[in-house]
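Comments concern the structure below.
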Amino acid sequence: MACDPKEVAWCLLTTSAPWELLGWQPAAAQVEQFNELQHLLRLWNSRVNLTRLVEGDDYWISQIFDSLWPLQRWHGSSDPLQVIDVGTGGGFPGLAIAIALPQAQVTLVDSVGRKLQAVEAMALELGLQPRVQLRCERAEKTGRDPACRGRFDLAVARAVAAAPVVAEYLVPLLKSNGTALLYRGQWQQEDSRQLQRAAALLNATMAAPQGMTLPAERGQRHVIALTPNGPCPRTYPRAVGVPGKQPLV
Ligand code: SAM
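Residues in the sequence shown are numbered consecutively from 41, following my numbering.
What follows is the structure, given as structure tokens:
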């Protein structure tokens, strides 16, 4: 479902067929992988506190659909894609993206080792390795590592930190023609003003926010895309903890 790029576009969803709403139909093997991921989340949740969104619409809408709706531009493509999910937690949106986009190599970053161990085990069970790599570290380090800086077509983060903080994590990771997607809930004009100022410091441009009302009354979501204007200044990301304590704006 395409949203008007010029302004916040509300895509009201009135049916309970999420795949149709995404304009993308998973193959049988992918549906099986989503089912298996749900099973694995239940299993690992009993050992590590990964997520409370595991059953029914909590899983299918608030996890799977919410992870995939911002990716419509990439669903039809078979071009190789380097994706990084910063602050993946229990594996979202990264694992859902790895299942949905078979052309993608997906790097999952989180600083909490026990979560990442669970995510690694799930990726292995799902047969997603070697397309999935894991990095247990702070995003500020990832953005300074030459193996990651400027290497990704797509950098995503959901529910990690305030938008200007996430922008500082994601933009340095992008190739010159890459895109950062900030998954957000509510979004106001003041948020846009702040993020635009942060993007300018990072030498990036903010696109108009896209809005979505999730099916099954799962709430409102926005995604905001950032694209580089040129190389990100070497000063970013700043040292571990600084982006959160002293946000760019
Ligand atoms: N993205 C997942 C989701 O939407 O379900 C997890 C969200 S969870 C609320 C935030 C995660 O971001 C946590 O697992 C936390 O460890 C991670 N995180 C926050 N700041 C981070 C940083 N600077 N570097 C790496 N991970 C970070």
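Glycine included, each C-beta is placed from N, C-alpha and C at the ideal position.
Small disclaimer: the values here were computed from a predicted structure and weren't measured.
Per DSSP, cross-strand counterpart(s) of alanine 21: This structure cannot speak to residue 21, because the chain is shown only from 41 to 289.
C-alpha distance - glutamine 73 paired with isoleucine 139, whole-angstrom precision: 7 Å
Euclidean distance between Cα positions of leucine 141 and histidine 115: 7 Å
Ligand 1 heavy atom lying under 7 Å from the CB of alanine 220: no
C-beta atoms of threonine 245 and asparagine 269 nearer than 8 Å: yes
Terminal residues of the alpha helix (DSSP H) in which tyrosine 223 lies: Taken as a continuous stretch (DSSP letters only), tyrosine 223 belongs to no alpha helix (DSSP H), being part of the beta strand (DSSP E) at 214-224.
Heavy atoms of ligand 1 versus C-beta positions, residues under 5 Å: Gly127, Gly129, Phe132, Asp150, Ser151, Val152, Arg178, Ala179, Arg198, Ala199 and Val200
DSSP-derived helix/strand/coil call for arginine 278: coil
Buried or exposed by the 16-neighbour rule on C-beta atoms within 10 Å, applied to aspartate 119: exposed
Environment of alanine 203 [buried if 16+ CB atoms lie within 10 Å]: buried
Nearest-angstrom Cβ-Cβ length linking glutamine 145 and glutamine 122, presumed shorter than 8 Å: 5 Å
Exposure label - lysine 46; buried when at least 16 CB within 10 Å: Because the pLDDT of lysine 46 is 35, which lies under 50, any placement of that residue in the model is unreliable, and the number read from its coordinates should be weighed accordingly. When all chains shown are included, lysine 46 counts as exposed.
For leucine 97, the first and last residue of its enclosing alpha helix (DSSP H): Note that residue 97 corresponds to aspartate in the displayed sequence, not to leucine. Its alpha helix (DSSP H) spans residues 96-99.
Exposed unless 16 or more other CB atoms sit within 10 angstroms - verdict on alanine 42: Only weak support is given to the placement of alanine 42: the predicted model assigns it a pLDDT of 41, under 50, and the question is left unresolved by the model.
Residues bridged to phenylalanine 192 [DSSP beta-bridge criterion]: Leu214
Check whether glycine 129 and threonine 91 have beta carbons under 8 Å apart: yes
C-alpha distance - arginine 191 paired with leucine 213, whole-angstrom precision: 6 Å
Helix, strand or coil at leucine 80 according to DSSP, with G and I counted as helix: helix
Beta-carbon gap between glutamine 112 and glycine 63 smaller than 8 Å: yes
DSSP bridge partner residues for threonine 253 (one or two, in chain order): Gln260
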